[in-house]
Amino acid sequence: QRDCFSAKKYWHFIKLMGRSASHIALECALQTQPNVCIISEEVEAKNQTLQDVVDYIAGIVAARAKQGNNFGTVLIPEGLIEFIPAMKSLIAELNDLLAKTPDFAQKSTAEQREFLSANLSKANAETFISLPEGVARQLTLDRDPHGNVQVSLIETEKLLSEMVGRRLAKMKAEGSYDGKFSALHHFFGYEGRCAAPSNFDADYCYALGYNAACLINAGVTGYISSLRNLTKPSVQWIAGGVPISMMFNMERRHGEMKPVIQKALVRLDGTPFQRFAAKRDDWAINTQYVFPGPIQYFGPAEVCDQPTLTLHYEHLDK
146 QRDCFSAKKY
156 WHFIKLMGRS
166 ASHIALECAL
176 QTQPNVCIIS
186 EEVEAKNQTL
196 QDVVDYIAGI
206 VAARAKQGNN
216 FGTVLIPEGL
226 IEFIPAMKSL
236 IAELNDLLAK
246 TPDFAQKSTA
256 EQREFLSANL
266 SKANAETFIS
276 LPEGVARQLT
286 LDRDPHGNVQ
296 VSLIETEKLL
306 SEMVGRRLAK
316 MKAEGSYDGK
326 FSALHHFFGY
336 EGRCAAPSNF
346 DADYCYALGY
356 NAACLINAGV
366 TGYISSLRNL
376 TKPSVQWIAG
386 GVPISMMFNM
396 ERRHGEMKPV
406 IQKALVRLDG
416 TPFQRFAAKR
426 DDWAINTQYV
436 FPGPIQYFGP
446 AEVCDQPTLT
456 LHYEHLDK
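Read left to right, the sequence shown gives residues 146 to 463 (the numbering used here).
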């Protein structure tokens, strides 16, 4: 955002790690106040299409252009593509179909496309054919060990910026947009998780491990180490354990239903998302970037030992 605000001529499309959940995108938005942040769970709840997401971003680009601001930042959660209903249906059928087709990888790109067009359901085949060839290809790459599509390999940031560019060109022809649009792309995956841990991170992980050892020593098995009261100083944290069976959910893996730990997704009725939703329209139009700066390790606890804003807002009412 510093570069964006300095050059004032680029729209940065930034894909953030997080797999299926949008927690990291939400936390980054709360910390930095970007112009756009897409929350996958909201896209699914509102049954939005890919074009709906594109129109939303293009609308903000056009609104800022009217103020002479042809720049901005767009945060995109890694798993967005899975939450768009039409794409979610396509990926689910692809997972099942590819699990039953072990020789799929040996086919040529043209043969793969022809095979999928012929064997997918009509609606999903139409969605697949409508995708840019590069994105369609990325959806058919090798699955992860759980049999799921590797969303980190899908260049959603490039797909969205390309579609936004097309939409803006159409708006310009209609006379509803008169700005300049140049996009830059980023994926903060490994970069995001290679930073040194904060004091809070270190205390949290140490406490989880120590508590796990205490559970084992007490003969308590089948439990996950847990900590509560995390917005208080670490000496006031409350250690405990949660039966792992309470976290199970049935999901389809490798074409079969299996018990797995249920995904912890962003709650749209939770205080962190509500705080973001209350501010995003203002951040969209007005440049109100915040630069948190480097992690602080030495000094007062209120500066050095802070939890995430997400955790802070979650505990406001407790």
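Glycine included, every Cβ here is placed at the ideal spot set by N, Cα and C.
Since the model is a prediction, treat every value here as computed from it, not as a measurement.
Residue i and residue j closer than 7 Å at C-beta
i    : j    : result
L410 : E238 : no
A203 : L313 : yes
A231 : T272 : yes
N374 : W382 : yes
I392 : Q407 : Looking at the sequence provided, one finds Met at residue 392 rather than Ile. Yes, the pair counts as a contact, with Cβ atoms nearer than the cut-off.
T301 : I226 : yes
L461 : F333 : no
I205 : H331 : no
S370 : L353 : yes
C182 : L235 : no
Y201 : L329 : no
T254 : H157 : no
Y434 : Q196 : no
E172 : T416 : no
V405 : E396 : yes
L372 : A190 : no
N215 : G324 : yes
L261 : Q283 : no
G487 : D241 : It is not possible to answer for residue 487, since the shown part of the chain is limited to 146 through 463.
A207 : Y335 : no
V199 : V309 : yes
As assigned by DSSP and simplified to three states, the class of residue i
i    : result
R311 : helix
F135 : Any property of residue 135 remains undetermined from this structure, which presents the chain solely from 146 to 463.
L461 : coil
G334 : coil
P222 : strand
W428 : helix
A170 : helix
P378 : coil
F421 : helix
A318 : helix
L329 : strand
A341 : coil
P388 : strand
G217 : strand
I383 : strand
V181 : strand
K303 : helix
T453 : coil
Boundaries (first-last residue) of the beta strand (DSSP E) holding residue i
i    : result
E401 : E401 to I406
Y368 : Y368 to R373
M395 : F393 to R398
T272 : Not the beta strand (DSSP E): T272 falls in the alpha helix (DSSP H), residues K267 to S275.
F345 : Run containing F345: none in the beta strand (DSSP E); it sits in the alpha helix (DSSP H), N344 to N362.
L413 : Neither: L413 is in no beta strand (DSSP E) and is coded neither H nor E.
L161 : W156 to L161
Exposure label - residue i; buried when at least 16 CB within 10 Å
i    : result
A422 : exposed
A174 : buried
Y351 : exposed
A101 : The chain is shown only over 146 to 463; residue 101 falls outside these bounds and no answer can be derived.
Q419 : exposed
C149 : buried
N180 : buried
Y458 : buried
S306 : buried
Q295 : exposed
Q212 : exposed
Q251 : exposed
N269 : buried
M316 : buried
Spatial neighbours of residue i in its chain, beta-carbon cut-off 7 Å, leaving aside the 5 residues before and after
i    : result
S167 : I184, S185, E186, P222 and V411
Q451 : F345
A341 : I440
R338 : M162
S343 : I440
Span of the alpha helix (DSSP H) around residue i
i    : result
L298 : Looking at the DSSP string, L298 is not in any alpha helix (DSSP H), and its letter there is neither H nor E.
V198 : L195 to K211
D241 : P230 to A244
L261 : T254 to N264
Q283 : E278 to L284
D148 : R147 to A152
V435 : That residue, V435, is in no alpha helix (DSSP H); it is neither H nor E in DSSP.
V365 : Run containing V365: none; DSSP gives neither H nor E here.
Residues near residue i by beta carbon distance below 8 Å, same chain, minus five either side
i    : result
F443 : C449
A152 : F216
Other residues of its chain near residue i: CB distance less than 6 Å, five sequence neighbours each side excluded
i    : result
K303 : H330
A318 : none
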